[in-house]
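The structure under discussion appears below in the form of structure tokens.
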Amino acid sequence: MPRRVKIGRVVSTSMANTIVVEVERLKQHPRYKKYIRVRKKFMAHDAREQAVVGDTVRIIECAPVSKRKRWELVDVVARGVGPEVELKPEAGVEEMLRARKER
1333 MPRRVKIGRV VSTSMANTIV VEVERLKQHP RYKKYIRVRK KFMAHDAREQ
1383 AVVGDTVRII ECAPVSKRKR WELVDVVARG VGPEVELKPE AGVEEMLRAR
1433 KER
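For the sequence shown, the numbering used here assigns the number 1333 to the initial residue and increments by one for each residue that follows.
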């Protein structure tokens, strides 16, 4: 039986030699026939720790590495931009924007 392959986005790399990959797929609702996005997270073994958050990776099914890890990183398909970070404007920028609104 061939090993299953999945492509997903890395959402966490906080554990040693482990990445968490979120795989998204479309599933049709049985009654209303609308397509719904379904996401599932898989823990995968990354021995060389080459993947970072935001990367698109290919994982393959393998023998159990630990209690929850049954997938292994094959390669990085595309490099991501990293986690989303909320930027706060500087103090001078807010005053400048208020002055423009008053005009």
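Here a beta-carbon is modelled for each residue, glycine too, at the ideal position from N, C-alpha and C.
Note that the structure is a prediction, hence the values are computed from the model and not measured.
For a quick check, are the C-beta atoms of VAL1384 and THR1345 less than 8 Å apart?
Working through the sequence shown from its first residue, we reach residue 1384 at position 52. Working through the sequence shown from its first residue, we reach residue 1345 at position 13. Closer than 8 Å, so yes.
Nearest-angstrom Cα separation, counted from GLU1434 out to PRO1362:
Counting from 1 along the sequence shown, the entry for residue 1362 is found at position 30. Counting from 1 along the sequence shown, the entry for residue 1434 is found at position 102. Going by C-alpha positions, PRO1362 is about 55 Å away from GLU1434.
ARG1357 to ILE1368, Cα distance in whole Å?
Numbered from 1 along the sequence shown, position 25 holds the residue referred to as residue 1357. Numbered from 1 along the sequence shown, position 36 holds the residue referred to as residue 1368. So the alpha carbons of these two residues sit roughly 8 Å apart.
Take the Cβ of ASP1407 as the centre, count every other Cβ of all protein chains shown within 10 Å, and call the residue buried at 16 or more, exposed below.
Residue numbering aside, residue 1407 sits at position 75 when the sequence shown is read from its first letter. When all chains shown are included, ASP1407 counts as exposed.
Could you tell me the boundaries of the beta strand (DSSP E) in which ARG1402 lies?
Position 70 of the sequence shown, counted from the start, is the residue given in the question as residue 1402. Note, ARG1402: beta strand (DSSP E), 1401 to 1410.
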